[in-house]
Amino acid sequence: MRQPARWLLALCAGLTLAPLAGSGLAASSATPTTATPAGAVKAPVMTLTVAAFPAVDEIVRASLPAWNALHPEVEVKVVSREVNDHHTAMTTALSTAKGLPDVMALEVGYLGRFAQGSGLQDLSQPPYSLRDDQRRFVAYAFDQATTASGSVLAVPTDIGPGTLLYRTDLLSRAGLRESDLTGSWTGYVDAGIKIKAATGAYLMAHARDMKDILIRTGLQPGEGLYFDKDSRPVVTSPRFVRAFELAREVRRQRLDAKVTAWSADWSEGFKRGTIATQMSGAWLAGHLNNWLAPTTRGKWRAAQLPDGAFAAYGGSFFAMARAGDAQRKPMAWAFIRFITMNRDLQLAAFKTQDAFPALLDAHQDAFYEQPLPFLGGQVARREWRDAASHIRAVPVHKQDAFAREVIDTELDKVLERGKDIPTALADAQRLLALRAHR
Amino acid sequence: MLRLPPFLRLSPRYAPYALLAPFLVLFVVFGIFPLLFSLYLAFHSWEPTSGLGAMHWVGLDNFAFALQDEWFWKSLRNTGWLAVASGLPQHLVAIPLATFLHLGFRRWRNPMVGAWFLPYITSSVAIAILFSSLFSTDYGLINLAIATVREIPLLGALMPNAAVDWLNDPDSLKPAIATIVFWRYVGFNVVLYLAALQTIPVDLYEAATIDGAGRFQQFFHITLPSLRPMILFGVTLSVIGGLQLFEEPFILTGGKGGSDQAGMTAAVYLYRNAFDFNDFGAASAMSWLLFLVVATLTWLTHRAFRRQGD
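As they're listed, the protein sequences go chains A and B. Position 300 of the first sequence, counted from 1, bears residue number 1495 in our numbering, the numbering being contiguous throughout. Position 31 of the second sequence, counted from 1, bears residue number 32 in our numbering, the numbering being contiguous throughout.
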């Protein structure tokens, strides 16, 4: 494309997208060098912009004293937005290649979308050569950032190993043990029936939670969650049928509170003890302890997911834009290495923000052997570490976000309106086929 | 007298252009360019994270996709439903309410109008958060009120048997959104109609009173016909606003459209296509199709309110 046309398009794109994307990105710049008097503390001569979302922004800010001690000449500016707004802003910045941050945080749910384009720097290539450090990271987290062609587009910083949190007091009242929950999926549902009968509490927040975990079990090699390697939808496969059937069984038995995660009813359910279990990332234990339901301290326990399932719930990465400022890239890369490969920083983030480290060096620490008072003194971090070693990365597809919506919608029809499962999945398959190659 | 240096003096011939230039520049930059870019995008496939060079001409493919997309049609149906369910009552309530305020609250009229207008100027986010709490299934005030009324012998029979799952049940979500939109914009229409009512000559009412016309006759034969231009204006705004409904359903459903996409309006869907599903081409094509729908319905509204012989 000719230069004037490119500039015109950039202007148009910026004007169209900027109001939706928020502001504050264009601040990244190499500030002019200032004269340093002999003996004086060096003034920053470069400003790196790190774009992040909560609570990664807090982790970055907390690392700055250590960073400034190493690099007093480099100032780091943190631009923080709510998680959706952040990723929208990153899309906008990559689309026009204007106002790009030097370092961008990415949440795993958005990684697939960004990986489809060519906007991110391939960190497997020199001078970055990230593959040299591959063994230092939790395997599935590194694989999540690796494309089918072998490019590595981001460095993992935290992960969310899946766990089953359950109310031990409710389980006792129903005369059940942990193994009744975790032995098999049907056993889990049966336990829910007993819990409901004995305590009135729901087994889970929403039947959708059941579907979300079951579609992640039994994937064939190379098969993505919703699409195969040739972009064909695979949502009529047995794992979807089983996931829908068990979710429907949960609803039929009235075992779910029909509340969505992060809603007011969801948090009230935890506070009041009306939700007995929650499958989630390990980080939820921290949220429950800190603000969701601190008064329930001691009543919760963590277990591995039922039926030997292992799944990831969330995770964060750091990436660089391919079109980012070439002069600042070496320092941006140094910052990414500093924050993702520094054992002490990773542990500090785990301790303060419940950000489970993706760095394996950080997994060998006494902190993992400490009992968690919120979980009644259980040494749960050890189990989460074990779960992380069993999780396998799932290939991502550009249309995963849409596919998830379609599947959720069809499940709603099954649960709310009695639509039969084969028809629901066939309808989903048809919608996804229409969009698979867009 | 201050005299400008010669290079700053403007010939009267060019003064209008110079004075208009700031507006024109802003209009071209922020009005025309985005519009043209959106049209350009509608004919292209684009992976936005790859930059501007990743655009590929696809002709009418995006429009064909939009017209085949079941969810686009569903979002249009949702939009129509919400536009009628929230828009029509706004006017049916605002006109008699404005008349009542005009006649019955001469001294306290402005504070009353201010109270009705307050929702219009309140932040959408604050409203959505407030109503999320009010519509909560187990702990919301609305279900609590329903439960209280259920205890009253005769009225109780009219109430639902169990707590209504306002924000998760597809059948309840649309009425919940329509209620919020109605609540928010009815005050705006009251202000419009109050302004129009103040322009009706008092003589007409005095003459009608002398002729023996009652309050209802005066309302239907003087007030309503005199309000016709304002009704056309208000309904046109409601049609355009209703078809572009975005904020309330977006925030109330967490930006997802709600269970079974029952709260997904066309504006929410095209936003999601662009920013959630990265399909800017389809989103642009849908926005132009939505524009055609808005233009057609606005034209039909004008025809419906046109006087004979106009």
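Using N, Cα and C, we set each Cβ at its ideal position, and we do this for glycine too. Note that the structure is predicted; figures quoted are calculated from it, not measured.
Check your understanding: Who are the neighbours of B:SER134 on chain A, taking C-beta pairs under 7 Å?
Key -> Against the second sequence, residue 134 of chain B aligns to sequence position 133. By Cβ distance, chain A contributes ALA1459.
Check your understanding: To which residues of the same chain is A:ALA1194 closer than 8 Å at the C-beta, ignoring the five residues directly before and after it?
Key -> Coverage of chain A is limited to positions 1196 through 1633, which leaves residue 1194 of chain A absent and any answer about it impossible.
Exercise for review: Check A:THR1431 in the structure and name its three-state DSSP category.
Suggested key: Residue 1431 of chain A sits at position 236 when you count from the first residue of the first sequence. In this structure, A:THR1431 counts as coil in the three-state DSSP scheme.
**Study point:** Contact set for A:ALA1598: own chain, Cβ-Cβ below 6 Å, skip 5 residues either direction
**Key:** Residue 1598 of chain A sits at position 403 when you count from the first residue of the first sequence. Here the set comprises TYR1421 and LEU1627.
**Study point:** Residues from the stretch 1303-1329 of chain A in contact with chain B, defined by Cβ distance under 8 Å
**Key:** ARG1308, PHE1309, GLN1311, GLY1312, SER1313, GLY1314 and LEU1315
Review point. What is the DSSP secondary structure of A:ASP1571, reduced to helix, strand or coil?
Key: Counting from 1 along the first sequence, the entry for residue 1571 of chain A is found at position 376. This sequence places Gly at residue 1571 of chain A; Asp is not what is there. The answer is coil: DSSP assigns A:GLY1571 none of H, G, I, E or B.
Exercise for review: Determine the direct distance from the alpha carbon of A:LEU1629 to that of A:ASP1622, and round the result to whole angstroms.
Suggested key: Taking the first residue of the first sequence as 1, we reach residue 1622 of chain A at position 427. Taking the first residue of the first sequence as 1, we reach residue 1629 of chain A at position 434. About 11 Å.
Check your understanding: Per DSSP, which one or two residues make a beta bridge with A:SER1275?
Key -> Taking the first sequence and counting its residues from 1, the one referred to as residue 1275 of chain A is at position 80. Answer is A:ALA1247, bridged to A:SER1275.
Check your understanding: Can you name, in chain order, every residue of its own chain whose Cβ lies under 6 Å from the Cβ of B:LEU291, other than the five neighbours on each side?
Key -> Here residue 291 of chain B refers to the residue found at position 290 of the second sequence. Closer than 6 Å at the Cβ level, and outside the excluded window around B:LEU291, lie ALA267.
Check your understanding: Is A:ILE1602 near A:VAL1347, with beta carbons less than 8 Å apart?
Key -> The sequence position of residue 1602 of chain A within the first sequence is 407, counting from 1. The sequence position of residue 1347 of chain A within the first sequence is 152, counting from 1. No, the Cβ-Cβ distance between A:ILE1602 and A:VAL1347 is not below 8 Å.
Practice item. Name the residue from A:GLN1548, A:ALA1393, A:ASP1317 and A:ASP1407 whose alpha carbon lies nearest to the alpha carbon of A:TRP1528. Key: Stepping through the first sequence from its first residue, residue 1528 of chain A is reached at position 333. When each option's Cα is compared against that of A:TRP1528, the closest is A:ASP1317.
Point to revise | Neighbour list for A:LYS1453 in chain B, Cβ cutoff strictly below 9 Å | key: As a first step, residue 1453 of chain A must be located in the first sequence, where it is residue number 258. Those are THR138, ASP166, ASN169 and ASP170, listed as they occur along chain B.
**Study point:** Status (buried if at least 16 other CB within 10 Å, exposed otherwise) for B:SER12
**Key:** Translated into the one-based positions of the second sequence, residue 12 of chain B becomes position 11. So B:SER12 counts as exposed.
Check your understanding: From this set, A:GLU1302, A:THR1472, A:GLY1419 and A:VAL1574, which residue's C-alpha is nearest A:ILE1388's C-alpha?
Key -> Here residue 1388 of chain A is taken as the residue at index 193 of the first sequence, counted from 1. Ranking A:GLU1302, A:THR1472, A:GLY1419 and A:VAL1574 by Cα distance to A:ILE1388 puts A:THR1472 first.
Check your understanding: Does the beta carbon of A:SER1475 sit closer than 8 Å to a beta carbon anywhere in chain B?
Key -> Translated into the one-based positions of the first sequence, residue 1475 of chain A becomes position 280. Not closer than 8 Å to any Cβ of chain B, the Cβ of A:SER1475 fails to qualify, so no.
Check your understanding: With C-beta atoms as the reference, is A:GLY1395 less than 8 Å away from A:LEU1500?
Key -> The sequence position of residue 1395 of chain A within the first sequence is 200, counting from 1. The sequence position of residue 1500 of chain A within the first sequence is 305, counting from 1. Taking a C-beta distance under 8 Å as the contact criterion, A:GLY1395 and A:LEU1500 do not qualify as a contact pair.
Exercise for review: Just the chain B side, please: which residues come within less than 9 Å of A:ASP1407 by C-beta, in chain order?
Suggested key: Position 212 of the first sequence, counted from the start, is the residue given in the question as residue 1407 of chain A. Per Cβ cutoff of 9 Å: no residues; A:ASP1407 is ~15 Å from chain B at best.
Review point. Curious, which full-length beta strand (DSSP E) runs of at least 3 residues does the stretch 1480-1553 of chain A contain?
Key: 1495-1498 and 1507-1514
Check your understanding: Can you give the Cα-Cα distance for A:TYR1526 and A:LEU1243, rounded to whole angstroms?
Key -> For the purposes of this step, residue 1526 of chain A is taken as residue 331 along the first sequence, with counting starting at 1. For the purposes of this step, residue 1243 of chain A is taken as residue 48 along the first sequence, with counting starting at 1. The amino acid at residue 1526 of chain A is misidentified as Tyr; the sequence shows Met. So the alpha carbons of these two residues sit roughly 8 Å apart.
Point to revise | Contact residues within the stretch 38-59 of chain B, judged by C-beta distance below 9 Å to chain A | key: PHE38, SER39, TYR41, LEU42, SER46, TRP47, GLU48, PRO49, THR50, SER51, GLY52, LEU53, GLY54, ALA55 and MET56
Practice item. Can you have a look at A:LEU1315 and say buried or exposed, based on whether 16 or more other CB atoms are within 10 angstroms of its CB? Key: Your numbering for residue 1315 of chain A matches position 120 in the first sequence. So A:LEU1315 counts as buried.
**Study point:** For B:VAL240 and B:LEU298, the rounded distance between their alpha carbons
**Key:** What you label residue 298 of chain B is simply residue 297 of the second sequence in a count that begins at 1. What you label residue 240 of chain B is simply residue 239 of the second sequence in a count that begins at 1. Taking the straight line joining both Cα atoms gives about 7 Å.
Point to revise | A:ARG1523 vs A:MET1241 beta-carbon contact at 8 Å | key: Within the first sequence, numbered from 1, the residue matching residue 1523 of chain A stands at position 328. Within the first sequence, numbered from 1, the residue matching residue 1241 of chain A stands at position 46. Less than 8 Å separates the beta-carbon of A:ARG1523 from that of A:MET1241.
**Study point:** Residue(s) in a DSSP beta bridge with B:PHE132
**Key:** Stepping through the second sequence from its first residue, residue 132 of chain B is reached at position 131. According to DSSP, B:PHE132 bridges with nothing at all.
Check your understanding: Can you find a C-beta in chain A that's less than 8 Å from the C-beta of B:ARG207?
Key -> Residue mapping note: residue 207 of chain B aligns to position 206 of the second sequence, counting from 1. According to the sequence shown, residue 207 of chain B is Glu rather than Arg. Chain A, which has no Cβ nearer than 8 Å to the Cβ of B:GLU207, makes this no.
Review point. Pairing CB atoms from the stretch 172-185 of chain B with CB atoms from the stretch 121-137 of chain B, are three or more of them under 8 Å?
Key: yes
Check your understanding: Are the beta-carbon atoms of B:GLN245 and B:TYR186 separated by less than 8 Å?
Key -> Taking the second sequence and counting its residues from 1, one reaches residue 245 of chain B at position 244. Taking the second sequence and counting its residues from 1, one reaches residue 186 of chain B at position 185. The answer is no: Cβ separation not under 8 Å.
Check your understanding: Which residues in the same chain have their Cβ closer than 8 Å to the Cβ of A:PRO1428, if we skip the five residues on either side of it in sequence?
Key -> Working through the first sequence from its first residue, we reach residue 1428 of chain A at position 233. Within the same chain, and ignoring the five residues on either side of A:PRO1428 in sequence, the residues whose Cβ sits closer than 8 Å to its Cβ are TYR1421, PHE1422, ALA1598, ALA1623, GLN1624, LEU1627, ALA1628 and ALA1631.
Check your understanding: If you follow the beta strand (DSSP E) that A:GLN1311 is part of, which residue opens it and which one closes it?
Key -> Locating residue 1311 of chain A in the first sequence gives position 116, where the first residue counts as 1. Not the beta strand (DSSP E): A:GLN1311 falls in the alpha helix (DSSP H), residues 1303-1311.
Review point. Considering only the beta carbon of each residue, do A:VAL1273 and A:ARG1256 sit closer than 8 Å?
Key: Looking up residue 1273 of chain A in the first sequence gives position 78. Looking up residue 1256 of chain A in the first sequence gives position 61. Yes, the pair counts as a contact, with Cβ atoms nearer than the cut-off.
Check your understanding: For A:GLU1270, does the three-state DSSP call read helix, strand or coil?
Key -> Along the first sequence, one-based indexing puts residue 1270 of chain A at 75. Note: A:GLU1270 maps to strand in three-state DSSP.
Exercise for review: Check whether the Cβ atoms of A:ALA1611 and B:ASP170 lie closer than 8 Å to each other.
Suggested key: By 1-based counting over the first sequence, the position of residue 1611 of chain A is 416. By 1-based counting over the second sequence, the position of residue 170 of chain B is 169. Per the sequence shown, the amino acid found at residue 1611 of chain A is Glu instead of Ala. In this structure, B:ASP170 lies closer than 8 Å to A:GLU1611 by Cβ.
**Study point:** Partners in chain A for B:PHE64, counting only beta-carbon separations shorter than 7 Å
**Key:** Stepping through the second sequence from its first residue, residue 64 of chain B is reached at position 63. None at all; the shortest Cβ gap to chain A is about 13 Å.
Practice item. Classify A:ASP1404 as helix, strand or coil using the three-state DSSP reduction. Key: Translated into positions along the first sequence, residue 1404 of chain A becomes position 209. It is helical.
Practice item. Answer yes or no: do A:ALA1442 and A:ALA1402 have a C-beta to C-beta separation smaller than 8 Å? Key: Within the first sequence, the letter at position 247 stands for residue 1442 of chain A. Within the first sequence, the letter at position 207 stands for residue 1402 of chain A. In contact: A:ALA1442 and A:ALA1402 (Cβ atoms closer than 8 Å).
Review point. Along chain A, in chain order, which residues have C-beta atoms closer than 9 Å to that of B:PHE278?
Key: Here residue 278 of chain B refers to the residue found at position 277 when the second sequence is read from its first residue. Within chain A, the residues placing a beta-carbon under 9 Å from that of B:PHE278 are ARG1308, LYS1593, GLN1594, ALA1596, PHE1597, GLU1600, ARG1630 and ARG1633, ordered along the chain.
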